[in-house]
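Position one of the sequence shown corresponds to residue 12 (the working numbering), numbered consecutively onward. Glycine included, each C-beta is placed from N, C-alpha and C at the ideal position. Keep in mind it's a predicted model, so treat the numbers as computed, not measured. What follows is one structure encoded as structure tokens, with my remarks underneath.
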Amino acid sequence: MNNPQITPYKFPKELEVLYDNFFKSKNRDVKRQGISKVRGYLTKGPIPHSIEMTALLIEVIINDEEKNGIQLFKYEDQYPVNFKNLEISSDLSIRLQYSMCIIKFVNGLLDPFQQSIYNISLHKLAIELKLPNYFVEARHVSTHERLPTLEMMRLISQRALNWLKIEYWENAIKQYNESNLMDININDWVINIRKERQLRIKRENDEIRIKNNNSNLINQEDIKNLDNILKNIKKLRREEIQTNKKKDNELLNEIKKFQEILSTKSDEFIIRMILFKNYLILHGNKNENLNEKQLIGLRMIWGNIIKELDNKFNFKLWIKLFELSVNKCNVKYDQLYVEKKILNNEDIKYLSNECEYEQCKGWVKWILENINLINKSNINKFIDILIDNKSEISKECMIIFKRKYYKLINECELNNKINKIENIMNKFWILNDNNEFISKELQDIEPEIDEYIETKRIKVSTFNLFDTFPSWRPVPFGCPP
């Protein structure tokens, strides 16, 4: 009874109102309001057993009063009794209601104390709880023997109600009063909470609006600042690689500046800058014939920088690189076009030549293999991206994904899904003349069917759905031949 419990009501004052409805009110309708309130609490979650039992016992007693035309509670007004509605034949339904209430009352109180390996006698548990033994006896008789008489059940139910009033309700209200918790003004509290919530929502919306305005508005100065930072990072990383000397302080300062811009500007702006302004991907005619050594050097310069960035940003970067690597449509443009697109906050969907595609594909595989890119929050989106974009890079990424993230796949129970996707890729994706994966047509599958028949030695047989007979003659449907 004294164990702390989570209650569905916000204030102790609500408990006192319920107590008044159940025990102090001499109006049947007010008691019914208390019962309805408890039913409302039950929809929110579990409530203390004593509160639920009080409502159930009072409801049964009121039902008994209305059905049998008696008065068990003291009321201010005398409720008229309609003798025509009284059932003289049987009181079984009321006795069953009383019996179920007493069984639930005793079980709910004593079962939580059954903590030993072997069941303890309910009588012993009742003594510890200061629960009179006749409640336990009434429970036993109601469960295993003939139902007690209606008079006996009325008496026990009223005593149960009185026991709950003394042991639970009065004790709980007394403790709340001693802690000065009854003095809380519910209306003032609700008003203050609403004001605080409105202020918090307004503050959050203002912050989001300011951030969005700042991140979406790109000017020439923003491009210049980020360009200078990226150039400095590139220069410092080159010097580190060539001289084999670390420049930690200078490099950390530039990376810090880069991360500050990342926190204030949109991710899309940053991604366009590092992809189309000759940093991660080298553009232009002079970079059309890059060899593998130059591509490795490019990853050495920027690989460690990417590892320092936020995982959400890196996943967006990988998605953009992947989209560029599958959109094989060469579009010639210069840096003026790129800058115009960045200033207007417009997407750039295509690359200019085959070398840029190879750089892009290299970064897609490198980021996936060398950075912990995939986690539980984005694994399903990653898989959907691979299956939605039928290309050679999708199959290559799937191989890397299975090798690097096998533990995560097992943890998320995605093995069957991955295997099915791989089977689909192998069976139904074929290369066309442009070295792109396309869905198989029926004529592409027919040789495989023939091969399967040969391998399994399946006998091809024909069958007729409807056999014809020479003596058959047409007749109207439903008529004998």
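Where does the unbroken alpha helix (DSSP H) through F412 begin, and where does it stop? The count along the sequence shown starts at 1 and reaches residue 412 at position 401. Where F412 is concerned, the enclosing alpha helix (DSSP H) stretches over 403-415.
Is the separation between the beta-carbon of D278 and that of K318 shorter than 9 Å? Residue 278 sits at position 267 when you count from the first residue of the sequence shown. Residue 318 sits at position 307 when you count from the first residue of the sequence shown. No, they are not a contact pair.
Quick check on I265: buried or exposed, where buried means 16 or more other Cβ atoms within 10 Å of its Cβ? On the sequence shown, residue 265 is found 254 positions in, with the first residue counted as 1. The sequence as given places Glu at residue 265; Ile does not occur at that position. By the neighbour-count rule (16 or more Cβ atoms within 10 Å), E265 is buried.
Around the C-beta of V349, are 16 or more other C-beta atoms found within 10 angstroms, so that it is buried, or is it exposed? By 1-based counting over the sequence shown, the position of residue 349 is 338. Counting Cβ neighbours within 10 Å, V349 comes out buried, since at least 16 surround it.
Can you tell me whether Q125 is buried or exposed, with buried defined as 16 or more other CB within 10 angstroms of its CB? Residue 125 sits at position 114 when you count from the first residue of the sequence shown. Exposed, since its Cβ has fewer than 16 Cβ neighbours within 10 Å.
Quick check on this structure: which residue in R414, K406, L419 has the alpha carbon closest to the alpha carbon of S388? Counting from 1 along the sequence shown, the entry for residue 388 is found at position 377. The candidate whose alpha carbon is nearest that of S388 is L419.
Quick one: Cα of L293 to Cα of F287, how far? Here residue 293 refers to the residue found at position 282 of the sequence shown. Here residue 287 refers to the residue found at position 276 of the sequence shown. If I take the Cα positions, the gap works out to 8 Å.
Residues in the same chain with beta-carbon distance under 6 Å from V41, minus the five sequence neighbours each way, listed in chain order, please. Residue numbering aside, residue 41 sits at position 30 when the sequence shown is read from its first letter. The answer, listed in chain order, is N32.
Which value, in whole angstroms, describes the spacing of the CA atoms of I285 and N203? Here the question's residue 285 lines up with position 274 in the sequence shown. Here the question's residue 203 lines up with position 192 in the sequence shown. Cα-Cα distance, rounded: 48 Å.
Nearest-angstrom Cα separation, counted from N381 out to N426: If you number the sequence shown from 1, residue 426 lands on position 415. If you number the sequence shown from 1, residue 381 lands on position 370. If you take the alpha carbons of N426 and N381, they lie about 22 Å apart.
Assign S164 to buried or exposed, taking buried as 16 or more other Cβ atoms, counted over all protein chains shown, within 10 Å of its Cβ. Here residue 164 is taken as the residue at index 153 of the sequence shown, counted from 1. A small correction: the amino acid at residue 164 is Met; Ser does not occupy that position in the sequence shown. Per the 10 Å Cβ criterion, buried.
Quick one: Cα of R157 to Cα of I105, how far? Indexing the sequence shown from 1 puts residue 157 at position 146. Indexing the sequence shown from 1 puts residue 105 at position 94. Roughly 14 Å separates the two Cα atoms.
Drop a sphere of 10 angstroms on the beta-carbon of T65, count the other beta-carbons inside from all chains shown, and report buried for 16 or more, exposed for fewer. Counted from its first residue, the sequence shown places residue 65 at position 54. Flag for T65 reads buried.
Cα-Cα, which of N325, D399, L320 is closest to N338? In the sequence shown, the residue the question calls residue 338 occupies position 327. The residue with the shortest Cα to Cα distance from N338 is D399.
For V147, count the other beta carbons within 10 Å of its own beta carbon; 16 or more makes it buried, fewer makes it exposed. Which is it? Indexing the sequence shown from 1 puts residue 147 at position 136. Buried, because 16 or more other Cβ atoms sit within 10 Å of the Cβ of V147.
Report yes if the C-beta distance between Y30 and I184 is below 9 Å; otherwise report no. As a position in the sequence shown, residue 30 is number 19, starting the count at 1. As a position in the sequence shown, residue 184 is number 173, starting the count at 1. Going by C-beta atoms, Y30 is nearer than 9 Å to I184.
Would you check if the distance between the CB atom of W313 and the CB atom of L332 is smaller than 9 Å? In the sequence shown, the residue the question calls residue 313 occupies position 302. In the sequence shown, the residue the question calls residue 332 occupies position 321. In this structure, L332 does not lie closer than 9 Å to W313 by Cβ.
Would you mind giving the Cβ-Cβ distance between L120 and L140, rounded to the nearest angstrom? I have them listed as a contact below 8 Å. In the sequence shown, residue 120 corresponds to position 109, counting from 1. In the sequence shown, residue 140 corresponds to position 129, counting from 1. Right, their Cβ atoms sit about 6 Å apart.
With burial defined as no fewer than 16 other Cβ atoms inside 10 Å of the residue's Cβ, what is the status of R150: buried or exposed? By one-based count along the sequence shown, residue 150 stands at place 139. Buried: at least 16 other Cβ atoms inside 10 Å.
From what residue to what residue does the alpha helix (DSSP H) around L107 run? Residue numbering aside, residue 107 sits at position 96 when the sequence shown is read from its first letter. 103-121 is the extent of the alpha helix (DSSP H) around L107.
Whole-Å CB distance - L379 paired with F412, under 8 Å assumed: As a working note, residue 379 is residue 368 in the sequence shown. As a working note, residue 412 is residue 401 in the sequence shown. Indeed, because the Cβ distance is near 7 Å, the residues count as touching under 8 Å.
By DSSP, does N198 sit in helix, in strand, or in coil? Residue numbering aside, residue 198 sits at position 187 when the sequence shown is read from its first letter. It is helical.
Secondary structure at E299, three-state DSSP: helix, strand or coil? Residue mapping note: residue 299 aligns to position 288 of the sequence shown, counting from 1. Coil, per DSSP.
Would you report the Cα separation of I99 and N79, rounded to the nearest angstrom? Position 88 of the sequence shown, counted from the first residue, corresponds to residue 99. Position 68 of the sequence shown, counted from the first residue, corresponds to residue 79. Its pLDDT being 49, under 50, I99 is placed unreliably by the model, and the measurement read from it follows with that caveat. Using only the alpha carbons, I get a separation of about 8 Å.
For the candidate residues L136, C112, L67, D395, whose alpha-carbon lies nearest to that of P123? Mapped onto the sequence shown, residue 123 falls at position 112. Ranking the options by Cα distance to P123, first place goes to L136.
Suppose the cutoff is 7 Å on Cβ atoms and the five residues either side in sequence are ignored; what does the same chain contact list for V375 look like? Locating residue 375 in the sequence shown gives position 364, counting from the first residue. The answer, listed in chain order, is W329, L332, F333, S336, I404, C408.
Compare the Cα-Cα distances from I390 to each of E189, S402, E424, N364 and report the closest residue. Walking along the sequence shown from the start, residue 390 turns up at place 379. If we check each option's Cα against that of I390, E424 comes out closest.
How would you label L133, buried or exposed, when you count the other beta carbons within 10 angstroms and need 16 or more for buried? Residue 133 sits at position 122 when you count from the first residue of the sequence shown. Buried, because 16 or more other Cβ atoms sit within 10 Å of the Cβ of L133.
Going by Cα to Cα distance, which pick from E365, N355, E63 is closest to C340? The residue labelled residue 340 in the question sits at position 329 within the sequence shown. That would be E365, whose Cα lies nearest to the Cα of C340.
Using a 10 Å radius around the Cβ and a threshold of 16 neighbouring Cβ atoms, would you call V342 buried or exposed? Residue 342 sits at position 331 when you count from the first residue of the sequence shown. V342 is exposed by the Cβ-count criterion.
Sequence-distant residues of its chain with Cβ nearer than 6 Å to P485 (five each side left out): The sequence position of residue 485 within the sequence shown is 474, counting from 1. Cβ within range, chain order: n/a, list empty.
Between K360 and the rest of its own chain, which residues show a CB-CB distance below 7 Å, the 5 nearest in sequence each way excluded? Here residue 360 refers to the residue found at position 349 of the sequence shown. Same-chain partners within the cutoff: N338.
Just verifying my parser: in three-state terms, what is the DSSP assignment at F84? Locating residue 84 in the sequence shown gives position 73, counting from the first residue. Looking at F84 - three-state DSSP - the assignment turns out to be coil, as it is neither helix nor strand.
Straight-line gap, Y20 to L166 (C-alpha atoms, nearest Å): Indexing the sequence shown from 1 puts residue 20 at position 9. Indexing the sequence shown from 1 puts residue 166 at position 155. In a straight line, the C-alpha of Y20 is about 31 Å away from that of L166.
Out of E261, D238, Y417, state which residue places its alpha-carbon closest to the alpha-carbon of L247. On the sequence shown, position 236 is the one that residue 247 refers to. When each option's Cα is compared against that of L247, the closest is E261.
Rounded C-beta distance between L83 and E76? I'm assuming under 8 Å. Sequence index remark: in the sequence shown, residue 83 carries index 72 (1-based). Sequence index remark: in the sequence shown, residue 76 carries index 65 (1-based). With 8 Å as the limit, L83 and E76 qualify as a contact, their Cβ atoms being about 6 Å apart.
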